[in-house]
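Remarks on the structure that follows.
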Amino acid sequence: QKGLFVREPSGELPALVRWWNGIGGILDFTNPEACKWFSSNLHSLRARYNVSSFKFDAGETSYLPRQFSTLVPLSDPSTFTRRYSEMAIPFSSRAELRVGYQSQNISCFFRIIDRDSLWGYELGLKSIIPTVLTIGVLGYQFVLPDMIGGNAYPNNTAGQINGTNSLPDRELYIRWLELSAFMPAMQFSIPPWAYDKEVVQIAQKFTQLHEKLVAPRVLELAGEVLDTGDPIIRPLWWIANDDEAAFKIDSQFLIGDDLMVAPVLEPGKQERDIYLPAGRWMSYKGEHFDKGPMYLTDYPVDLDEVAYFTWVQ
Numbered sequence: 001q002k003g004l005f006v007r008e009p010s011g012e013l014p015a016l017v018r019w020w021n022g023i024g025g026i027l028d029f030t031n032p033e034a035c036k037w038f039s040s041n042l043h044s045l046r047a048r049y050n051v052s053s054f055k056f057d058a059g060e061t062s063y064l065p066r067q068f069s070t071l072v073p074l075s076d077p078s079t080f081t082r083r084y085s086e087m088a089i090p091f092s093s094r095a096e097l098r099v100g101y102q103s104q105n106i107s108c109f110f111r112i113i114d115r116d117s118l119w120g121y122e123l124g125l126k127s128i129i130p131t132v133l134t135i136g137v138l139g140y141q142f143v144l145p146d147m148i149g150g151n152a153y154p155n156n157t158a159g160q161i162n163g164t165n166s167l168p169d170r171e172l173y174i175r176w177l178e179l180s181a182f183m184p185a186m187q188f189s190i191p192p193w194a195y196d197k198e199v200v201q202i203a204q205k206f207t208q209l210h211e212k213l214v215a216p217r218v219l220e221l222a223g224e225v226l227d228t229g230d231p232i233i234r235p236l237w238w239i240a241n242d243d244e245a246a247f248k249i250d251s252q253f254l255i256g257d258d259l260m261v262a263p264v265l266e267p268g269k270q271e272r273d274i275y276l277p278a279g280r281w282m283s284y285k286g287e288h289f290d291k292g293p294m295y296l297t298d299y300p301v302d303l304d305e306v307a308y309f310t311w312v313q
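Spelled out as structure tokens, the structure:
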């Protein structure tokens, strides 16, 4: 009745689409009245239930009907994603989006697409670092690497499966948790107490590490983002742009220029090879390395540890 939906080409009826909950309509975010209506309802919901913020899912142009019309015609369909992202601006202090198009100025958390509860590069644990690095270089700095342990869908989970309920593999969950602790934000959708006391203790250890070591750096680097546009999570070649080996590393990353992280991403491993670019580095164990660049072969990393190194001036 209010004409707030994306409509069929004739403009007479709302255009219907299929999504993961069946059939529905899409709000026309080129229409200021639709944005106002949606935002007003979100504010009411937040006030009534003391909601901290919102997760704005989807928003991709792939959810638009094959043929449609909007109040403001779209010369580029991806502009719809931009308008969807702008809708989140009033909630940007804690809100998360999973889409972006020419929207690097919107300082919401940018969530990477769902990961499967697997170890490999195909939407598994190993895919997180390359994805976060790419998104950061593209200008989306406040990256949220989705839920710890992956989405736990039964058909895409290495772990315990009972009917439709599944838990990611315990070791995978721990290593995922450890990696997430060094990202700008952590998301628990599967609680650590779904496993055992040791996992809870590891979760406490790394959430505290995130709070004390990582979060202050992220906030400091956020100020630099405004001036330089440099990513918060950086590839190794960022500080070693004439080092060919650094360009090949996709399992380590930097927070700023002086904190390097090398998580374990392989099952059954309590050691890993680590590449140190030229410079003086101090490990989290207090070891000093000042003859780089160098490889540390089979560097020991216990199940409750992540190898990280600070650049020493």
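Mapped onto the working numbering, the consecutive letters of the sequence shown carry residue numbers 1 to 313. C-beta: ideal position from N, C-alpha, C; glycine also.
Whose CA, out of the options, lies closest to the CA of residue i?
{"i": "ARG260", "options": "MET282, GLU211, ARG272 and LYS248", "result": "The sequence given here places Met at residue 260; Arg does not occur at that position. When each option's Cα is compared against that of MET260, the closest is MET282."}
{"i": "SER62", "options": "PHE5, THR81, PRO184 and MET87", "result": "THR81"}
{"i": "ARG280", "options": "ASP290, GLU122, HIS43 and LEU123", "result": "ASP290"}
{"i": "VAL264", "options": "ALA194, TRP176 and ALA47", "result": "TRP176"}
{"i": "ILE135", "options": "ALA278, ASP230 and ASP28", "result": "ASP230"}
{"i": "ARG83", "options": "TYR140, PRO32 and LEU125", "result": "PRO32"}
{"i": "HIS210", "options": "GLY292, MET183, ALA240 and ILE239", "result": "MET183"}
{"i": "GLY150", "options": "LEU71, ILE190 and LEU138", "result": "ILE190"}
{"i": "ASP242", "options": "PRO277, GLY25 and ILE202", "result": "PRO277"}
{"i": "LYS360", "options": "LEU42, TYR49 and PHE253", "result": "Here the chain comprises residues numbered 1 to 313, so residue 360 is not present and cannot be evaluated."}
{"i": "CYS108", "options": "GLN313, ALA88, ALA307 and LEU123", "result": "ALA88"}
Assuming residue i is part of the alpha helix (DSSP H), what are its boundary residues?
{"i": "ILE129", "result": "128 to 137"}
{"i": "GLU33", "result": "32 to 49"}
I need the boundaries of the beta strand (DSSP E) containing residue i, first residue and last residue.
{"i": "ARG272", "result": "271 to 276"}
{"i": "ARG318", "result": "Here the chain comprises residues numbered 1 to 313, so residue 318 is not present and cannot be evaluated."}
{"i": "TYR295", "result": "294 to 300"}
{"i": "MET282", "result": "281 to 283"}
{"i": "LEU254", "result": "253 to 255"}
{"i": "PHE54", "result": "First-last for PHE54: undefined, no H or E at that position."}
{"i": "ALA307", "result": "307 to 311"}
{"i": "ALA95", "result": "Per DSSP, ALA95 belongs to no beta strand (DSSP E) and is neither H nor E."}
For residue i, count neighbouring C-beta atoms within 10 Å of its own C-beta (all shown protein chains included) and say buried if the count is 16 or more, exposed if not.
{"i": "TRP19", "result": "exposed"}
{"i": "ALA152", "result": "buried"}
{"i": "GLY223", "result": "exposed"}
{"i": "ASP28", "result": "buried"}
Contained alpha helix (DSSP H) runs [length at least 4] in the region 58 to 90, N- to C-terminal order: 79 to 87
Secondary structure, alpha helix (DSSP H): runs of 4+ residues fully inside the region 172 to 225: 197 to 209
Taking 8 Å as the threshold, find out whether the region 166 to 179 comes into contact with the region 241 to 250 through three or more Cβ pairs. no
Please determine if the region 89 to 107 and the region 169 to 176 are in contact, where contact requires at least 3 C-beta pairs separated by less than 8 Å. no
Count the CB pairs spanning the region 188 to 199 and the region 259 to 273 that are closer than 8 Å, and state whether there are at least three. no
Touching by the beta-carbon criterion (3+ pairs, under 8 Å), the region 132 to 146 and the region 231 to 245: yes
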